[in-house]
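Below is one structure, written out as structure tokens, with a few remarks after it.
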Amino acid sequence: MLRSSLLKATIAKRFFSTENVIDDVIHRVDFRVGKIVRIEQHAEASHLFIEQVDLNTETTEVMPNPRTIVSGLAPFMSMESLLNKSVIVVANLKPSKFRGVLSQGMLLACSSADNKTVQLLSPPKDSLIGERIQLEGIEWQGEPDTVLKPKQKVFEQVVPFLKTNEEGIATYKGIPFITSKGKITGAIKNAQIS
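My numbering puts the first residue of the sequence shown at 76, with every later residue one more than the last.
Dropping the structure here:
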């Protein structure tokens, strides 16, 4: 019994060690704190919302601020509950159209195992809008890609390891996501994040 416990602890330490993310593709993904400043129902799809999300960035030719993000959150929460909510955004996905509307990012949420309940991840109170999310105890290796190239499937390699733990803390390979104000959380414990 003791040997089994030690083996499990050793495996967990190796898998969830900060050393395992030094050369990881996670460094190429740009996770940011955002704030939903406007929201509307998609005219052509009742399950989609169109959010305007402030990332406190300069507007460029390629990316405006606030950003338009199309999400499938309509079946799970009201527009009123989202307005002025602080959120976690994947800010460097290649823009793509959803039912004719260009989406310029992705809101991160956790979901129950049966996918009947979905909740957005929440940064700690007073987190700075636009702040880049960190992994606790890890220094990012350079700057994230300006735009992730879909053919390289960088974000798709990251998603399987995005989870909330038994305390509801958002993690990557077991390492908590943080802002300068503390840990990022999800209302659903031990859940997949996407």
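Using N, Cα and C, we set each Cβ at its ideal position, and we do this for glycine too.
Original post:
Looking at the unbroken alpha helix (DSSP H) that takes in residue 232, where does it start and where does it end?
Top reply: Element bounds for residue 232: 229–233.
**OP:** With DSSP collapsed to three states, give me the class of residue 202.
**Re:** coil
Original post:
Quick one: what's residue 109 bridged to in DSSP?
Top reply: BP columns for residue 109 point to 162.
Subject >> Where residue 152 falls: helix, strand or coil (DSSP) >> reply: coil
Subject >> Span of the beta strand (DSSP E), counted from its first residue to its last, around residue 251 >> reply: Element bounds for residue 251: 250–254.
**OP:** Please confirm if the region 247–262 is in contact with the region 215–223, defined as three or more CB-CB distances below 8 angstroms between the two stretches.
**Re:** The answer is no - the region 215–223 does not touch the region 247–262, with fewer than three Cβ pairs under 8 angstroms.
Original post:
Between the Cα of residue 258 and the Cα atoms of 248, 187, 197, 137, which residue gives the shortest distance?
Top reply: For residue 258, the nearest C-alpha among the options comes from 197.
Subject >> 6 angstroms CB neighbourhood of residue 209 in its chain, flanking five on each side removed >> reply: Once the five neighbours on either side are set aside, the close Cβ partners of residue 209 are 253.
Original post:
Going straight from the alpha carbon of residue 173 to that of residue 142, what length do you get?
Top reply: 14 angstroms
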